[in-house]
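Note that full-length UniProt numbering gives residue 188 to position 188 of the sequence shown, counting from 1, and the numbers run on in steps of one. Glycine included, C-beta positions come from ideal geometry on N, C-alpha and C. Just so it is clear, the structure is predicted and the values come from calculations on it, not from any experiment. What follows is a single structure, written as structure tokens, with notes after it.
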Amino acid sequence: MDTEYIALEKLIAWVTANRLNNNINFLSLSEDRGEASHEEELGTGGALRSLLCPPEEVGHFDYLTSDTELNMEKVENKSKDPDSGIKWYPFKSQNIVHDLMKREISHDMRGTCFNKARCFYQQIVPNLSVLNVEKPPCYLRKFSPDGKFFIAISYDQTSIEIFDFLGSEAAGDLTKQVSGDVIPKSVEGASMSEEVVQTRVKIFSQFLQKRHVVRVTAGDEVLNRECSLFTDDGRYVIVGSSHQLMEDISSRYSDVYRNNESITPNYRLVLEDYTLFVIDLKSGVVCDRKQFKLDKMYLSHNQGLCLYGSVLAVLSVQQQTIHVFKVSPQGTLLPARTIGRFCYDDDEFFYRQTAQLPPRLLNRPYSDKTINSLKHRLLVYMYRAALNGHLERGTRAVHWAMEDLLSLRLSKLQLLDENHLLLKYAMEEIVTFRNGLPYNTPSLFVVYNMDTTEVIAVYEHTSPELLEIMENFHDHFRNSWPHRQPQFPSSPSSSIHARRIQQMFKTTLIVAKNGGQREAISRMLTQLPISAQSYSCSPYLDHALFSYDDKWISQLERPKTCSDHPIRFFTRDSGMLRFCIDTGPAERQVSPTHRRLVAFLFHPFEPFMISVQRTAADYKVNFHIRKNPT
1 MDTEYIALEK
11 LIAWVTANRL
21 NNNINFLSLS
31 EDRGEASHEE
41 ELGTGGALRS
51 LLCPPEEVGH
61 FDYLTSDTEL
71 NMEKVENKSK
81 DPDSGIKWYP
91 FKSQNIVHDL
101 MKREISHDMR
111 GTCFNKARCF
121 YQQIVPNLSV
131 LNVEKPPCYL
141 RKFSPDGKFF
151 IAISYDQTSI
161 EIFDFLGSEA
171 AGDLTKQVSG
181 DVIPKSVEGA
191 SMSEEVVQTR
201 VKIFSQFLQK
211 RHVVRVTAGD
221 EVLNRECSLF
231 TDDGRYVIVG
241 SSHQLMEDIS
251 SRYSDVYRNN
261 ESITPNYRLV
271 LEDYTLFVID
281 LKSGVVCDRK
291 QFKLDKMYLS
301 HNQGLCLYGS
311 VLAVLSVQQQ
321 TIHVFKVSPQ
331 GTLLPARTIG
341 RFCYDDDEFF
351 YRQTAQLPPR
361 LLNRPYSDKT
371 INSLKHRLLV
381 YMYRAALNGH
391 LERGTRAVHW
401 AMEDLLSLRL
411 SKLQLLDENH
421 LLLKYAMEEI
431 VTFRNGLPYN
441 TPSLFVVYNM
451 DTTEVIAVYE
461 HTSPELLEIM
471 ENFHDHFRNS
481 WPHRQPQFPS
491 SPSSSIHARR
501 IQQMFKTTLI
511 VAKNGGQREA
521 ISRMLTQLPI
531 SAQSYSCSPY
541 LDHALFSYDD
551 KWISQLERPK
561 TCSDHPIRFF
571 TRDSGMLRFC
581 IDTGPAERQV
591 SPTHRRLVAF
601 LFHPFEPFMI
611 SVQRTAADYK
621 VNFHIRKNPT
């Protein structure tokens with residue numbers, strides 16, 4: 001945890017070395033500020049604050065005075081005055097020096113040290129936006145979980161570019177002479193100062209220094225720009241590529257249909273060749289690769305991949321097979337098991353020894369009359385549930401729905417831990433995107449134990465019980481760096497503010513036109529299974545520290561509609577405006593068919609973030625950094 005608070009400790013060391021010996025002042029809540037000069041208003045406390053905060057941030061706070069007792073007396077008098085109409089409450093000081101001294105002299109409750117340290121992020125914020133940064137020709141992707149590396153994908157989508165992150169204070173000398181909280185982009189017909197031009201040109205290399213350019217693919221094989229999985233130690237990254245086959249290439253029937261549950265390809269589900277690569281971030285070496293020929297996998301946003309610890313699960317949608325690998329300490333993918341037609345490794349050997357079939361039929365699994373082993377486990381669970389009275393119409397309901405159950409296909413998966421999978425079954429039309437909406441069609445959520453090959457639980461897409469489990473144990477579904485402690489997921493199960501936002505969304509779905517309780521549950525359960533490593537753990541998105549509009553920015557790392565105004569962040573304890581994220585206006589008029597989308601890439605723990613704005617073919621990058629006080 002030493003690296004997580006490196007930015008805090010650097011500033012703390014600076015403040016301690018330059019601490020003033022004058023009396024420590026508290027925030028004044030007085031309304032009567034008068035027309036005093038800037039020097040008179042600041043006083044001793046204002047001088048201290050001018051060292052800690054940029055000039056533009058001073059307006060975000062109430063003025064500091066030198067008389068502590070007088071301030072507290074005013075607060076008490078106002079809170080007791082029945083004629084004032086407003087009940088005044090003193091709130092926590094917004095000065096970092098006060099927090100530092102309180103940490104030195106106070107004794108907090110056991111187990112709250114990390115929460116107390118995390119509160120310092122309310123004072124150390126990204127207060128400067130640098131718009132339209134000059135960058136190398138690449139697509140920016142993500143930070144590693146330890147924050148040391150940043151990966152990007154080359155424009156031709158054949159190479160992985162690895163950068164070293166040099167720290168949130170690396171560009172301090174470059175931005176110390178810049179005034180304001182936004183460095184504007186170039187505007188036609190307007191001139192910019194030399195300092196602004198140099199800042200936009202040099203700032204990328206000040207923060208991100210290129211370490212390796214790893215050539216991964218060749219030929220027509222391209223990397224998926226939205227697929228990457230980091231190991232918990234931050235040493236390896238797993239990326240995926242695809243190669244679209246030519247239409248004139250003929251494939252054998254047995255290669256396309258490898259079992260009796262294989263999906264029929266269509267114009268929306270085109271078969272491709274896929275490859276997974278394991279890359280060492282430190283050495284820039286491709287450690288291992290696994291190929292999947294004539295298959296269909298959903299690599300975007302890691303929908304078809306899931307990494308939990310050292311266990312990697314890969315879903316083959318075309319073959320309805322789950323491939324499970326172990327990531328070794330050397331970065332190689334070791335096959336662990338294959339789940340689909342068979343559940344145990346020796347099932348196929350036993351099947352060939354006992355099945356009384358001609359050899360030509362044994363080599364044609366697509367013509368099997370038996371039920372797929374994984375699907376058989378599901379049917380057994382449903383039948384036993386009916387026998388035990390958990391279904392209203394008993395076994396008759398199972399027989400009545402047998403055809404629908406047999407037609408279900410795997411669409412998504414998620415590792416709940418190293419032994420359990422959360423699987424989503426849906427109709428083939430939904431899996432192949434032929435028609436229908438995912439929340440309007442029947443689907444099943446299945447919890448499967450890979451060791452015992454048993455189905456533990458089955459839920460419908462309108463199950464209130466599953467929704468309650470998701471709300472109360474949302475942290476377990478996210479699995480954001482499960483082996484890194486401590487965790488601050490700020491999810492509906494661990495944050496009252498996140499729970500309130502989710503309840504408001506649920507209420508909106510219930511009262512909406514054609515809505516209702518059943519419709520709301522179905523819509524909210526569409527996020528399950530949750531894609532791996534899709535939530536940011538940045539403290540600036542923690543609902544316990546900051547309040548912001550989740551319409552424009554959220555912990556889920558997905559592109560959102562770009563706001564025309566800066567996104568404002570307020571401190572949760574005082575409600576004061578703390579900082580803004582400005583993505584800049586549109587460069588030109590955008591047609592209604594093209595939306596302005598922006599994706600935010602947060603550093604795991606430092607005050608540094610990148611916003612990537614896309615409009616049609618435009619690709620603009622903005623840096624949001626902390627400008628040190630001068």
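In this structure, how does DSSP classify residue i when only helix, strand and coil are distinguished?
{"i": "residue 634", "result": "Not covered by the structure: residue 634. The range shown for the chain is 1 to 630."}
{"i": "Ala520", "result": "helix"}
{"i": "Glu510", "result": "According to the sequence provided, residue 510 is Ile. The question's Glu does not apply to it. It is helical."}
{"i": "Ile339", "result": "strand"}
{"i": "Asp475", "result": "helix"}
{"i": "Ile263", "result": "coil"}
{"i": "Thr354", "result": "helix"}
{"i": "His212", "result": "strand"}
{"i": "Ile553", "result": "coil"}
{"i": "Gln291", "result": "strand"}
{"i": "Leu391", "result": "coil"}
{"i": "Arg110", "result": "coil"}
{"i": "Tyr298", "result": "coil"}
{"i": "Ser367", "result": "helix"}
{"i": "Ile160", "result": "strand"}
{"i": "Ile496", "result": "helix"}
{"i": "Thr217", "result": "coil"}
{"i": "Leu29", "result": "With a pLDDT of only 30 at Leu29, under 50, the local geometry of the prediction cannot be trusted, and no value is derived from it."}
{"i": "Ile183", "result": "strand"}
{"i": "Leu229", "result": "strand"}
Please classify residue i as buried or exposed, where buried requires at least 16 neighbouring CB atoms within 10 angstroms.
{"i": "Lys424", "result": "buried"}
{"i": "Gln244", "result": "exposed"}
{"i": "Glu169", "result": "buried"}
{"i": "Phe342", "result": "buried"}
{"i": "Gly240", "result": "buried"}
{"i": "Arg215", "result": "exposed"}
{"i": "Ile456", "result": "exposed"}
Could you compute how far the alpha carbon of residue i sits from the alpha carbon of residue j?
{"i": "Gln533", "j": "Arg377", "result": "29 Å"}
{"i": "Gly304", "j": "Lys92", "result": "46 Å"}
{"i": "His98", "j": "Arg118", "result": "15 Å"}
{"i": "Lys506", "j": "Ile469", "result": "15 Å"}
{"i": "Lys176", "j": "Glu195", "result": "10 Å"}
{"i": "Glu429", "j": "Thr441", "result": "10 Å"}
{"i": "Leu408", "j": "Tyr381", "result": "15 Å"}
{"i": "Leu131", "j": "Val197", "result": "11 Å"}
{"i": "Val256", "j": "Phe292", "result": "12 Å"}
{"i": "Ile183", "j": "Ser328", "result": "45 Å"}
{"i": "Arg289", "j": "Ser490", "result": "35 Å"}
{"i": "Ser373", "j": "Phe349", "result": "14 Å"}
{"i": "Ala520", "j": "Glu465", "result": "13 Å"}
{"i": "Thr112", "j": "His497", "result": "19 Å"}
{"i": "Ser538", "j": "Arg364", "result": "51 Å"}
{"i": "Phe605", "j": "His420", "result": "30 Å"}
{"i": "Met100", "j": "Asn514", "result": "Here residue 100 turns out to be Leu, not Met, going by the sequence shown. Looking at the two C-alpha atoms, the distance is approximately 54 Å."}
Note the first and the last residue of the continuous beta strand (DSSP E) segment covering residue i.
{"i": "Lys620", "result": "Asp618 to Ile625"}
{"i": "Leu276", "result": "Glu272 to Asp280"}
{"i": "Ser241", "result": "Tyr236 to Gln244"}
{"i": "Ile203", "result": "Element bounds for Ile203: not the beta strand (DSSP E) but the alpha helix (DSSP H), Glu194 to Phe207."}
{"i": "residue 673", "result": "In this structure the chain extends from 1 to 630, so residue 673 is not present and cannot be described."}
{"i": "Ser611", "result": "Met609 to Thr615"}
{"i": "Val152", "result": "Checking the sequence shown, residue 152 turns out to be Ala, not Val. Where Ala152 is concerned, the enclosing beta strand (DSSP E) stretches over Phe149 to Ser154."}
{"i": "Lys92", "result": "Note, Lys92: premise wrong, no beta strand (DSSP E); not H, not E."}
{"i": "Val314", "result": "Val311 to Ser316"}
{"i": "Ala599", "result": "Leu597 to Phe602"}
{"i": "His323", "result": "Thr321 to Val327"}
{"i": "Asp255", "result": "From DSSP, Asp255 is part of no beta strand (DSSP E) but of the alpha helix (DSSP H) over Tyr253 to Val256."}
{"i": "Leu140", "result": "Cys138 to Phe143"}
{"i": "Leu307", "result": "Leu305 to Tyr308"}
{"i": "Arg578", "result": "Leu577 to Ile581"}
Mind checking which residues open and close the alpha helix (DSSP H) that includes residue i?
{"i": "Leu381", "result": "Here residue 381 is Tyr; the residue named in the question, Leu, does not match the sequence. First-last of the alpha helix (DSSP H) with Tyr381: Ser373 to Leu387."}
{"i": "His565", "result": "Taken as a continuous stretch (DSSP letters only), His565 belongs to no alpha helix (DSSP H), as it is neither H nor E."}
{"i": "Leu100", "result": "Ile96 to Ile105"}
{"i": "Lys116", "result": "Cys113 to Arg118"}
{"i": "Val398", "result": "Thr395 to Trp400"}
At least one CB of chain D closer than 8 Å to the CB of residue i: is that the case?
{"i": "Thr321", "result": "Looking at the structure shown, chain D is missing, and only one protein chain is on hand."}
Identify every run of the alpha helix (DSSP H) within the region 404-471, keeping only runs that are complete inside it and at least 4 residues long; order them along the chain. Counting whole runs of 4 or more residues, the region 404-471 contains the alpha helix (DSSP H) stretches 428-431.
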